[in-house]
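Student: Take a look at the following structure, please.
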Amino acid sequence: MTVTNTDKAGATNLEAIARNGSMLRRMAVRIPTYLSDLRENPAWLPMFVLARTMPARRMHWLGAKPVRASQKRRETMFVGVNRRDVVDALQSDGLFSGLVLPKFIHEEIAAFVRCTPCFGNFDRRFEFMPTEHAQAEARFGRPLLSGHYFERILGCKAAVAIQNDPLLMDIAQHYLGGQAKLITTRVWWSFPTTQASDADKNLASLGKYHFDLDDWRMLKFFFYLLPVDEGTGPHVYVRGSHKRRALKHQLTLLVGHPAEEVLGVYGEQSAVTLTGEAGLGFVEDPFGFHMGTVPAHSPRLMMEVGFGVSPPSRRRFHGEPVIR
Ligand SMILES: O=C(O)CCC(=O)C(=O)O
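Take the sequence shown: its position 54, counted from the start at 1, is 410 in this note's numbering, and no numbers get skipped.
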């Protein structure tokens, strides 16, 4: 069969239509959450519009306050970590990996979540035990890509101890400025599952490079609570993308962009895939491009502690979007 230029152009148009359709579906799923953020805090809108542009961000960073020396020194659970090294790496790469949780801490959280029901795909109607994921998919008749604990995780003393560890606040203040405050604490599973929809992957921030626009300046600490290898849905971060932005990634409505487009700007070698033992922690500036990947064989159990500079949103504190 001969393929003519008209056939090729037709195929390219169809691909473009399919891409745009998927892009609109990805955006549509977040709209109820955006509207709720706007109602809760009208200052969210200028942030959401402007914080994607480098000039506006730079202006905002100028408002970073100096850190006041604390009177009492509190013990951290993290051994052998130098705050200055972490902040230097964040400033140059947007990423520091090498925080290690004590064994008893990640084991206590893993034990707590194994006997606590979680909510599938961020939806409180899909409540199930994480050990019964396959049965839950059959019961609810849909793929369940994630299982969140929302506020339930505050019932676990070890998770609260991580959230309140003084080293995290110290790093956050020295990176974001003296205004740094805790804005998220969440623990969730990402499950291997087939046929998850684009909308579910988008809500779970899986499979697509994106940057976060929840605040003007943010920092996220992530901890693996079980071992993570290539098949367990590792997190990927694009080094340097937090401080250098192509114009097309500033003047865009979308926070998610295709891998070839992102890596075309920053280079394949800038993408760091974070694998490691249970307890591995890393911290990133989530304005840099990043994503989770869909686990191929084993569920991933992850904790996030996020810092920002604006008052925390009630809804977002445990990572809960608005589902319609
Ligand atoms: O699940 C992950 O590794 C990614 C999480 C993420 O993208 C986010 O919190 O913004």
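Beta carbons are placed, not taken as given, at the ideal position from N, Cα and C, and that holds for glycine.
Which word fits residue 460, buried or exposed, when buried means at least 16 other C-beta atoms lie within 10 angstroms of its C-beta?
Tutor: Classified as exposed, residue 460 has fewer than 16 neighbouring CB atoms from the shown chains inside 10 Å of its CB.
Student: Measuring straight from C-alpha to C-alpha, what distance separates residue 554 and residue 680?
Tutor: Rounded to whole angstroms, residue 554 to residue 680 spans 16 Å at the Cα level.
Student: Residue 628 bridges to which residues according to DSSP?
Tutor: 593
Student: Out of 580, 651 and 671, state which residue places its alpha-carbon closest to the alpha-carbon of residue 638.
Tutor: 580
Student: Which same chain residues, not among the five before or five after residue 583, have their C-beta less than 8 Å away from its C-beta?
Tutor: Here the set comprises 632, 633 and 634.
Student: Pull the bridge partners of residue 575 from the DSSP assignment, please.
Tutor: 663
Student: Given this structure, state the Cα-to-Cα distance separating residue 357 from residue 495, to the nearest angstrom.
Tutor: Reliability of the predicted coordinates at residue 357 is poor, the pLDDT of 42 falling under 50, and the value obtained from them is presented with this limitation in mind. Spanning the two alpha carbons is a distance of roughly 47 Å.
Student: Leaving out five residues on either side along the sequence, give the residues of the same chain with a beta carbon under 8 Å from the beta carbon of residue 367.
Tutor: Unreliable placement is indicated for residue 367, whose pLDDT of 48 sits below 50; the coordinate value is still reported in the next sentence. For residue 367, where only same-chain residues beyond five positions count, there are no Cβ hits under 8 Å.
Student: Name the DSSP beta bridge partners of residue 584, please?
Tutor: 632
Student: Relative to the C-alpha of residue 524, which candidate in 640, 612 and 670 has its C-alpha closest?
Tutor: 640
Student: Say yes only if the C-beta of residue 642 is nearer than 7 Å to one or more non-hydrogen atoms of ligand 1, and no if none qualify.
Tutor: yes
Student: When burial is assigned at 16 or more other CB atoms within 10 Å of the CB, is residue 558 buried or exposed?
Tutor: buried
Student: For residue 452, name the three-state secondary structure that DSSP assigns.
Tutor: strand
Student: Just the Cα atoms here: how many angstroms apart are residue 529 and residue 667?
Tutor: If I take the Cα positions, the gap works out to 15 Å.
Student: Using the three-state DSSP reduction, which class does residue 475 fall into: helix, strand or coil?
Tutor: The three-state secondary structure of residue 475, taken from DSSP, is strand.
Student: Using the DSSP secondary-structure output, state which residues sit across from residue 543 in a beta bridge.
Tutor: 659
Student: My understanding is that residue 648 touches residue 560, with C-beta atoms under 8 Å, so please give their C-beta distance in whole angstroms.
Tutor: 7 Å
Student: Where do the N-terminal and C-terminal ends of the alpha helix (DSSP H) with residue 502 fall, by residue?
Tutor: Counting along the chain, residue 502 falls outside any alpha helix (DSSP H), though it belongs to the beta strand (DSSP E) covering 502-504.
Student: Below 8 Å, can you find three or more Cβ-Cβ pairs linking the segment 502-513 to the segment 659-676?
Tutor: yes
Student: Just tell me which of 564, 611, 486 and 604 has its CA closest to the CA of residue 590.
Tutor: 564
Student: How big is the Cα-Cα spacing for residue 612 and residue 452?
Tutor: 22 Å
Student: So, is residue 650 buried or exposed, given that buried needs 16 or more other C-beta atoms within 10 angstroms?
Tutor: Result: buried.
Student: Ignore the nearest five residues each way along the sequence and tell me which others in residue 410's own chain have a CB closer than 7 Å to its CB.
Tutor: 601 and 606
Student: By alpha-carbon positions, which one of 595, 477 and 464 ends up nearest to residue 552?
Tutor: 477
Student: State the beta-bridge partners of residue 638 as determined by DSSP.
Tutor: 453 and 578
Student: Hey, how far is the Cα of residue 441 from the Cα of residue 467?
Tutor: 32 Å
Student: Does DSSP put residue 534 in a helix, a strand or coil?
Tutor: Reduced to three states, the DSSP call for residue 534 is coil.
Student: CB residue 578 to CB residue 643, shorter than 8 Å?
Tutor: no
Student: Closest by CA to residue 625, which one among 436, 449 and 570?
Tutor: In terms of CA proximity to residue 625, 449 leads the group 436, 449 and 570.
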